[in-house]
Each structure stands twice: as C-alpha cells, then as structure tokens.
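Just so you know, this note's numbering puts the end of the sequence shown at 356, numbered straight through with nothing missing.
Beta carbons: idealized from backbone N, C-alpha and C, even for Gly.
Since this is a predicted model, take the numbers as computed values, not measurements.
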Amino acid sequence: MADRILITGGAGFVGLHLARRLLRDGADVTLLDDLSRGRADRDLDQVRADARLVRHDLTTPIPADLLIDDFDEVYHLAAVVGVRQNSENPSLALNVNLRAVLNLIDWCRRRPPGRVYLSSTSEVADGAARLGLAPFPVPEDVPFVLPDPSLPRASYGLSKIVAETLLRQCADLFPVRIGRYHNIYGPRMGHDHVIPHFVARALARKDPFPIYGATQTRAFCHIDDAVDATIGLTRLPGSEPVVANIGNDTEEIVIRELAERVSRLAGYTPTFEVFDPPPGSPDRRLPDLGRLRGTLGYAPRVNLDRGLRQTFDWYAATLTADPTPAAPALVRDHS
22 MADRILITGG AGFVGLHLAR RLLRDGADVT LLDDLSRGRA DRDLDQVRAD
72 ARLVRHDLTT PIPADLLIDD FDEVYHLAAV VGVRQNSENP SLALNVNLRA
122 VLNLIDWCRR RPPGRVYLSS TSEVADGAAR LGLAPFPVPE DVPFVLPDPS
172 LPRASYGLSK IVAETLLRQC ADLFPVRIGR YHNIYGPRMG HDHVIPHFVA
222 RALARKDPFP IYGATQTRAF CHIDDAVDAT IGLTRLPGSE PVVANIGNDT
272 EEIVIRELAE RVSRLAGYTP TFEVFDPPPG SPDRRLPDLG RLRGTLGYAP
322 RVNLDRGLRQ TFDWYAATLT ADPTPAAPAL VRDHS
C-alpha cells in the first residue's frame with residue numbers, strides 16, 4: 022500500500038514541490054490549504070490531478086470528518102512566512118502560526134500519524150549568531166535569543182520556537198522531525214524574497230538597481246535539495262525528536278554579487294544603488310549541516326549558478342505571461 026501523506030500548506034512553495042516529489046515516489050498525497058497564501062495556479066492544478074486538495078483554515082480546529090485517513094507522515098508547512106508580511110502585521114504570525122500548530126496537534130492526538138515534520142526557520146538561531154553566542158557555520162544547539170523583541174520580525178522566530186517546543190513535547194505520541202530552513206529558493210517561491218526581487222528588477226532592466234544590505238551574506242539552498250533533506254529527515258528511524266538545519270553550506274555569497282549574477286542572466290550591467298538592510302536582518306547566515314550530513318549523508322546537489330538560471334527562466338516565463346506580480350520588487354529586500 023502506498024504511503025499516505027498529509028501536507029499542510031500544500032499549495033505553497035515548499036509544499037507543492039514536496040508534493041510533486043512524493044507523488045513521483047508513488048505516495049497517496051493530501052494537501053491541506055486555505056489558499057490564503059498558496060496559489061490556485063497551473064502548477065497546483067497539475068498536482069491536483071494526482072493529489073487531493075482539502076480546503077481548511079488551520080486557525081480553526083480540524084473537523085473530525087474532514088481528514089478520515091490514517092496518515093503515515095504529516096508535513097506541517099502551513100504558516101505566515103516572509104519578513105515583509107511579518108513586519109507589516111507581526112501579530113498575524115503569532116496568531117496564525119501558533120493556532121495552526123495547536124490545532125494540528127489536537128488533531129494528531131485524536132488520530133496519531135506515523136510521524137510529524139515541522140518546517141522551522143533559520144531565524145530561531147539568528148539572534149544567538151548576532152550576539153556572538155553561536156559560531157559560524159551555525160549549529161542547531163544554540164540558545165534562542167531575541168536581541169530586540171520590539172522589532173516586528175521577531176514575532177516569526179518566536180512563533181517557530183514555540184511550535185518546535187510544542188511538537189517536541191508530543192514525542193511520546195509520534196516521532197517528531199524539525200527542519201530549520203535556511204534561504205530556500207526556486208521556481209514558484211512567490212515575490213517577497215531577495216532572489217525574486219532581483220529577478221523582477223533584472224527583467225525590468227532597472228538602472229539604477231537598488232540593493233538593500235549589499236554586504237550581507239547568505240548561503241542559498243535550491244528547493245530540490247531542500248525537498249530531499251525534508252523527506253530524508255522525516256523518515257529517519259527512531260522515536261526521539263530530531264532537529265536539523267536544512268540548507269547549503271558550500272556557497273556563501275555576498276548579496277551584491279548575487280545581484281550581479283542575476284543581472285548578467287538578464288544580459289545587462291546596471292549601476293547598483295545601495296541601501297541599508299531592513300532592521301534586524303542578520304549580516305550573515307550560514308548553517309552547520311553536520312547533523313544532516315552525518316545522519317543522511319546529505320550533500321547539496323544543485324549549485325547556485327544552475328539554480329539561479331532555472332529560477333530566472335521560470336520567473337521570466339511567468340512574468341512575461343502575467344507582469345502584475347513584478348510589483349513587490351519595489352519593496353525592500355528581505356533575505
């Protein structure tokens with residue numbers, strides 16, 4: 022019998038790529054999404070040909086008759102994400118992300134799955150790194166610190182560390198796996214992150230080309246590598262909870278160089294106009310992947326040149342067909 026998989030937030034960026042991979046592997050996949058953030062587009066329609074889509078807002082309890090299957094794996098990806106959205110409405114992240122995980126846990130207690138995966142974030146460790154309480158690359162076992170709780174973006178990291186804590190306390194009911202994503206990118210990732218910002222500017226041939234936080238560094242991880250790590254981490258044997266960074270530790274890049282690479286893909290050389298980074302944005306983000314490498318033998322396969330080309334081409338085709346999504350490129354970069 023095929024594995025039965027539930028993906029909350031299944032119409033979103035990571036969720037849909039994950040669903041495609043699991044369907045190719047022969048799984049029986051159910052997507053749970055209210056489509057408030059995930060998009061009803063051609064990509065979702067293609068996945069829905071083989072998967073079920075259940076519409077539900079996870080800020081409300083899951084009705085007893087909504088999901089009647091017993092699931093082998095539950096991937097909890099549903100959340101308010103993106104620094105811009107969290108900065109504009111910080112209470113939304115706390116309200117939605119915490120209600121969603123609490124309602125998921127209540128449902129799991131009624132129908133315990135084989136195992137549960139939680140998508141978490143690099144922002145859980147960013148505070149410790151910023152205050153010099155963590156080395157680079159940053160491992161998982163660092164203290165959670167909010168250097169400036171007054172910053173609106175602090176609410177997102179806080180919501181995720183609480184979600185991690187709540188799920189880890191359920192480890193007597195089902196195995197828990199937690200993946201902290203570090204700058205995942207790829208086709209269909211939306212328009213609120215630095216790479217799609219740069220792609221939209223390059224496609225519009227912006228000159229000057231604005232950059233926020235030009236000297237900051239990031240190590241970007243392609244979505245295909247993130248999906249490989251997510252599935253492998255979830256299926257690790259054992260009943261003890263496992264927390265692991267998911268990212269790329271081989272290609273740390275300065276944001277200005279990223280802008281240069283993207284503009285070269287568009288075939289032009291603009292003048293760069295540099296601005297300060299958004300408040301609270303970390304100067305450096307580089308994960309320690311020792312735990313993932315040691316348990317899974319994981320290694321990133323998609324280098325940045327290939328991943329950027331694929332992502333650029335996808336956005337070029339999408340924005341050519343529908344130019345309206347390019348507007349978010351006018352906001353500050355959040356990487």
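ask   = Between V233 and P298, which are expected to be in contact by the criterion C-beta below 8 Å, what is the C-beta distance as a whole number of angstroms?
value = What you label residue 233 is simply residue 212 of the sequence shown in a count that begins at 1. What you label residue 298 is simply residue 277 of the sequence shown in a count that begins at 1. Checking the displayed sequence, the identity of residue 233 turns out to be Tyr instead of Val. With a Cβ gap of about 5 Å, Y233 and P298 count as contacting.
task = Give the single residue among L254, D46, I205 and G328 whose Cα lies nearest to the Cα of Y138.
result = Along the sequence shown, one-based indexing puts residue 138 at 117. Among L254, D46, I205 and G328, the Cα nearest to that of Y138 is on L254.
request  = Could you check what DSSP says for E185 in three-state terms: helix, strand or coil?
outcome  = The count along the sequence shown starts at 1 and reaches residue 185 at position 164. E185 falls in the helix class under three-state DSSP.
key: 4-residue-minimum alpha helix (DSSP H) runs that sit fully inside the stretch 188-273, ordered along the chain   = Within the stretch 188-273, the complete alpha helix (DSSP H) runs of at least 4 residues are 215-224 and 244-255.
Contact belief for D169 with G301 at Cβ below 8 Å, rounded distance in angstroms = Here residue 169 refers to the residue found at position 148 of the sequence shown. Here residue 301 refers to the residue found at position 280 of the sequence shown. Indeed they touch by this definition, with Cβ atoms about 6 Å apart.
ask   = Beta-carbon separation of S143 and N204 under 9 Å?
value = By 1-based counting over the sequence shown, the position of residue 143 is 122. By 1-based counting over the sequence shown, the position of residue 204 is 183. In this structure, N204 lies closer than 9 Å to S143 by Cβ.
query = For E161 versus D309, is the C-beta spacing smaller than 9 Å?
reply = Stepping through the sequence shown from its first residue, residue 161 is reached at position 140. Stepping through the sequence shown from its first residue, residue 309 is reached at position 288. Cβ distance < 9 Å, so E161 and D309 count as in contact.
Residue environment, A347, which counts as buried when at least 16 other CB atoms sit within 10 Å = Taking the sequence shown and counting its residues from 1, one reaches residue 347 at position 326. Here A347 scores only 43 on pLDDT, less than 50, and its place in the model should not be relied on; the value that follows carries that caveat. Label assigned to A347: buried.
ask   = Just the Cα atoms here: how many angstroms apart are P231 and T339?
value = Here the question's residue 231 lines up with position 210 in the sequence shown. Here the question's residue 339 lines up with position 318 in the sequence shown. Pairing P231 with T339, the inter-Cα distance amounts to about 22 Å.
query = Is it the case that the Cβ atoms of R312 and N266 are separated by a distance below 9 Å?
reply = If you number the sequence shown from 1, residue 312 lands on position 291. If you number the sequence shown from 1, residue 266 lands on position 245. Cβ distance < 9 Å, so R312 and N266 count as in contact.
query = So, do the stretch 313-328 and the stretch 170-190 have three or more beta carbon pairs nearer to each other than 8 Å?
reply = Counting Cβ pairs under 8 Å, fewer than three are found: no touch.
Ranges of the alpha helix (DSSP H) found wholly within the stretch 64-122, counting only runs of at least 4 = Counting only runs of 4+ residues, the alpha helix (DSSP H) found wholly inside the stretch 64-122 occupies 104-109, in chain order.
query = When the Cβ atoms of the stretch 217-226 are set against those of the stretch 254-264, are three or more pairs found closer than 8 Å?
reply = Fewer than three Cβ pairs drawn from the stretch 217-226 and the stretch 254-264 lie within less than 8 Å of each other, which leaves the two stretches out of contact.
Close Cβ partners of T238 (< 6 Å) along its chain, the five nearest in sequence each way excluded = Stepping through the sequence shown from its first residue, residue 238 is reached at position 217. Excluding its 5 nearest sequence neighbours in each direction, T238 has C-beta neighbours in its own chain below 6 Å: E273, V275 and R305, listed in chain order.
task = Would you kindly work out how many angstroms separate the C-alpha atoms of D246 and K181, rounded to a whole number?
result = The sequence position of residue 246 within the sequence shown is 225, counting from 1. The sequence position of residue 181 within the sequence shown is 160, counting from 1. Near 22 Å, if we compare the C-alpha coordinates of K181 and D246.
Simplified DSSP state of T332, which is helix, strand or coil = For this step, residue 332 is matched to residue 311 along the sequence shown. If DSSP states are grouped into helix, strand and coil, T332 belongs with the helices.
task = Give the straight-line distance between the Cα atoms of P321 and T80, rounded to the nearest whole angstrom.
result = Translated into the one-based positions of the sequence shown, residue 321 becomes position 300. Translated into the one-based positions of the sequence shown, residue 80 becomes position 59. Their backbone Cα atoms lie some 35 Å apart in a straight line.
query = Closer than 9 Å, CB to CB, is R136 near chain D or not?
reply = Considering every chain present, this structure includes no chain D. It has just one protein chain.
task = Specify whether the stretch 36-54 and the stretch 105-119 touch according to this definition: at least 3 beta carbon pairs, one from each stretch, less than 8 Å apart.
result = no
key: V35, enclosing beta strand (DSSP E) - first and last residue   = Here residue 35 refers to the residue found at position 14 of the sequence shown. Counting along the chain, V35 falls outside any beta strand (DSSP E), though it belongs to the alpha helix (DSSP H) covering F34 to R45.
task = Let me know if L27 comes out buried or exposed under the rule of 16 or more other beta-carbons within 10 Å of its beta-carbon.
result = Looking up residue 27 in the sequence shown gives position 6. Its Cβ being crowded by 16 or more others within 10 Å, L27 is buried.
ask   = Which stretch, first to last residue, makes up the alpha helix (DSSP H) that contains V295?
value = In the sequence shown, the residue the question calls residue 295 occupies position 274. Note, V295: premise wrong, no alpha helix (DSSP H); beta strand (DSSP E) at F293 to F296.
inquiry  = Helix, strand or coil, according to DSSP, for S180 in the structure here?
reply    = Sequence index remark: in the sequence shown, residue 180 carries index 159 (1-based). Three-state result, S180: helix.
query = Excluding the five sequence neighbours on either side, which residues of its own chain have a C-beta within less than 7 Å of the C-beta of L152, listed in chain order?
reply = Counting from one through the sequence shown, the residue named residue 152 turns up at place 131. Cβ neighbours of L152 beyond the five flanking positions: V166 and P168.
query = Can the beta-carbon of V68 be found less than 9 Å from the beta-carbon of L53?
reply = Taking the sequence shown and counting its residues from 1, one reaches residue 68 at position 47. Taking the sequence shown and counting its residues from 1, one reaches residue 53 at position 32. The answer is no: Cβ separation not under 9 Å.
task = Would you mind sorting A350 into buried or exposed? The rule is 16 or more other CB atoms within 10 Å of its CB.
result = Taking the sequence shown and counting its residues from 1, the one referred to as residue 350 is at position 329. With a pLDDT of 39 at A350, under the threshold of 50, the modelled position of that residue is not reliable, and the figure given next carries that caveat. The residue in question, A350, is buried, as its Cβ has 16 or more Cβ neighbours within 10 Å.
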